[in-house]
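In this text, residue positions in the sequence shown follow the UniProt record's numbering: the first is 1, and each later residue adds one.
Every residue, glycine too, gets a C-beta built ideally from N, C-alpha and C.
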Amino acid sequence: MAWYWIACILLVAGVAGGLLSTMAGMASLVTYPVLLALGLPPVSANVTNTAGLVFTGIGSAISSRKELRSHQRLTMSVTVWALLGAIIGSLLLTVAPASTFEHIVPFLIALAGVLMLLAGRSKPETRAKPRPQSPRVTVAKNVAIGLVGLYIGYFGASAGVILLAILAISLDQPFAVSNAIKNFTAFVANVFSLVIYAVTTKVYWLMVIPLGAGLFIGGYAGPIVVRHVPVKLLQRVIAFGAFGLAAYFFYDAYIK
Numbered sequence: 001m002a003w004y005w006i007a008c009i010l011l012v013a014g015v016a017g018g019l020l021s022t023m024a025g026m027a028s029l030v031t032y033p034v035l036l037a038l039g040l041p042p043v044s045a046n047v048t049n050t051a052g053l054v055f056t057g058i059g060s061a062i063s064s065r066k067e068l069r070s071h072q073r074l075t076m077s078v079t080v081w082a083l084l085g086a087i088i089g090s091l092l093l094t095v096a097p098a099s100t101f102e103h104i105v106p107f108l109i110a111l112a113g114v115l116m117l118l119a120g121r122s123k124p125e126t127r128a129k130p131r132p133q134s135p136r137v138t139v140a141k142n143v144a145i146g147l148v149g150l151y152i153g154y155f156g157a158s159a160g161v162i163l164l165a166i167l168a169i170s171l172d173q174p175f176a177v178s179n180a181i182k183n184f185t186a187f188v189a190n191v192f193s194l195v196i197y198a199v200t201t202k203v204y205w206l207m208v209i210p211l212g213a214g215l216f217i218g219g220y221a222g223p224i225v226v227r228h229v230p231v232k233l234l235q236r237v238i239a240f241g242a243f244g245l246a247a248y249f250f251y252d253a254y255i256k
């Protein structure tokens, strides 16, 4: 296939993946299979995909300046806990293969879908003044975020939707704020992962250019869409998307 067609395919896949990433945390549903279809080995496809997702984070951070600027302390807290977990997960990966996690993944993603539906029922979308969290809830939230970070560093499949579900149900904030914090946290985790993985395997940097351009565009547009789409509708779409992903990973782990 001619290079310009490959670049066009990656650009389009990147835009779609960037939108899915910044709206739901499901970018790899599009971008990773496309890289495999273009002939990349699985490990290189995963690392090349991670390199491209860094540009999603840049685009979403620019687009979400309003939400991030007004919640800097909360954003840093979530990011630090997730990053600590990611470091532990990356270290675990050196002693235990990620394949040991494959049989748990479908249930984690299905749980994220349930949490997303519960988040839409458990609280109003806007509140004049967020209620302070009890110490017990804060500890539980931080532990859950740290465990998601561990999952990001160790396996990573659809980690964004799991993190978004936890933030949506545990933070007394509008959905757009939870989504912006999720995007920034995923960006930091992807940068960290790329630094580690880039020195251990091959990154197809020529493919990263068009893929990253598309992911940047989609990453910038995603938070804007989130601000204007009805939140309950978006949460339901994300939840049922999570159920679909869970079914796919269940088939891959238990039936295939």
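For the set L164, T48, G218, Q173, the Cα lying nearest the Cα of A112 is the one of L164. L233 and E102 have their C-alpha atoms some 30 Å from each other. In this chain, the alpha helix (DSSP H) harbouring Y151 covers 135-154. The region 178-187 makes contact with the region 48-68, as at least three CB pairs between them are under 8 Å. If only uninterrupted alpha helix (DSSP H) runs of at least 4 residues are considered, those enclosed by the region 160-211 are 175-198. Annotation: the continuous alpha helix (DSSP H) that includes E67 extends over 65-69. For P33, the enclosing alpha helix (DSSP H) covers residues 28-37.
For S134, the number of other beta carbons within 10 angstroms of its own is below 16, and it is reported as exposed. Considering only G17, V54, S21, G39, the residue with the shortest C-alpha distance to N190 is V54.
For the pair of segments examined, the region 34-49 was found not to touch the region 245-252: the number of CB pairs separated by less than 8 Å stays below three. Scanning its chain for C-beta atoms nearer than 7 Å, with the 5 sequence neighbours on each side dropped, one finds around I169 the residues L115, L118, A119, S122, in chain order. In the assembly as shown, Y254 is an exposed residue. Its beta-carbon has fewer than 16 other beta-carbons within 10 Å.
When only Cα atoms are considered, N142 and I196 end up about 24 Å apart. Proximity to P174 across H228, A61, G153, G212 peaks at H228, based on C-alpha coordinates. In this structure, the CA atom of L40 is about 33 Å from the CA atom of V78. Using a Cβ distance threshold of 9 Å, I87 and G153 count as a contacting pair. When the Cα atoms are used, A16 and A110 turn out to be separated by approximately 23 Å.
When only Cα atoms are considered, G146 and Y4 end up about 41 Å apart. Counting only the Cα atoms, M23 lies some 8 Å from V225. In the structure shown, the three-state DSSP call for S21 is helix.
DSSP places I62 within a helical segment (H, G or I) once states are collapsed to three.
In the three-state reduction of the DSSP assignment, H228 falls in the helix class, which pools H, G and I. By the neighbour-count criterion, in which a residue is buried when 16 or more other Cβ atoms sit within 10 angstroms of its Cβ, M207 is buried.
In this structure P210 is buried. Its beta-carbon is surrounded by 16 or more other beta-carbon atoms within 10 angstroms.
Counting only residues of its own chain and dropping the five nearest sequence neighbours on each side, A140 has a CB closer than 8 Å to the CB of S170.
Our two residues, I6 and V137, have alpha carbons roughly 48 Å apart in a direct line. Closest option to T185, judged by alpha-carbon separation, among G212, L150, A221: L150.
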